[in-house]
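All residue numbers for the sequence shown refer to the working numbering, where the first residue is 1474 and numbers rise by one.
From the three backbone atoms N, C-alpha and C, an ideal C-beta is built for every residue, glycine too.
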Amino acid sequence: MSVWKRNAVVVAIVLFVGAAVYLNWSYGREAAANSGTADPDGGGKLLGQAALVNGKEGGKQGEDGKTDAQPSADPSAQPSAAGEQTGYFASARLNRQQARDSALQLLQQAAADAGAQQDIIDEANASIQAMAALTMSEANVENLITAKGYGDCVCFINDNSASVVVSSTENGLSENDVTKIMEIVKKETGLTADKITVIENEP
């Protein structure tokens, strides 16, 4: 009976870790959609595999097909927009960290259980190391993207996919911007382009 209970604990931990990773990724998608970055019908600011639409909503398209950004009528609106973007990224990072901390606590408890079987301890330790590697990869991607001159970003990585939410630029993210961001993620994670999603966050 004790063996069955330990196995049940391991299964619960694995499910919790998987759910935490999924919630991190899902939070990034939902928060971006709520910020106006993704069209509910699939034609909005979700970049990467999807076709790149005009970078700025409300922009004016010229004869050459390029989008001209419309200046804000109220200069005081720009600091507010920057504050909203900063608030989104801070909130996204906090939620990601809280989910990871909860999963890590359960894994550490399983690894420290004196009565646990060795294979269970090894599995818990392997999961802890994998989680640490994902956290480091996310930080590296975020640092490299901001080093390229983008305002801010938050990255969500799991075993087989990655999502990156990037703050909007003056004229919106171009196809070249998306390519640069995807190359950074590919080099850091080894994922192929079809597994990477780039989302432009707009206030």
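Just so you know, the alpha carbons of Asn1568 and Phe1562 end up roughly 10 Å apart. The alpha helix (DSSP H) runs of length 4 or more contained entirely in the segment 1550-1623 are, from start to end of the chain, 1550-1585, 1591-1620.
Under DSSP, the beta-bridge partners assigned to Thr1670 are Ser1636.
The residues Ile1657, in chain order, have a CB closer than 7 Å to that of Leu1617 in the same chain once the five nearest residues on each side in sequence are set aside.
A direct Cα-Cα distance of roughly 41 Å separates Asp1592 from Thr1619. Between Arg1566 and Val1627, the C-beta gap is smaller than 7 Å, which places the two residues in contact. By the criterion of a C-beta distance shorter than 6 Å, Ile1594 is surrounded in its chain by Ala1584, once the five residues flanking it on both sides are discounted.
As computed with DSSP, Ile1630 is found in a beta bridge with Ala1635. Inclusion of Glu1661 and Asn1631 in the CB contact set at 7 Å is not warranted, their separation being larger than that value. When rounded, the separation of the alpha-carbon atoms in Gly1560 and Ala1599 is 34 Å.
If you check the CB distance, Leu1580 and Ile1601 come in under 7 Å.
When the five nearest sequence neighbours on each side are left out, the beta carbons in the same chain lying within less than 8 Å of the beta carbon of Thr1665 are those of Lys1659, in order along the chain.
Glu1643 counts as exposed, since fewer than 16 other C-beta atoms from the protein chains shown sit within 10 angstroms of its C-beta. The three-state secondary structure of Glu1661, taken from DSSP, is helix. Looking from the CA of Tyr1623, the closest CA among Thr1608, Glu1611, Asp1667, Ile1654 belongs to Ile1654. The residues Lys1653, in chain order, have a CB closer than 7 Å to that of Lys1621 in the same chain once the five nearest residues on each side in sequence are set aside.
In this structure, the CA atom of Glu1615 is about 14 Å from the CA atom of Asp1650.
When the five nearest sequence neighbours on each side are left out, the beta carbons in the same chain lying within less than 7 Å of the beta carbon of Ser1610 are those of Ile1630, Glu1661, Thr1662, in order along the chain. Annotation: Glu1596 to Ile1669 spans about 28 Å, alpha carbon to alpha carbon. When the Cα atoms are used, Thr1608 and Asp1586 turn out to be separated by approximately 25 Å.
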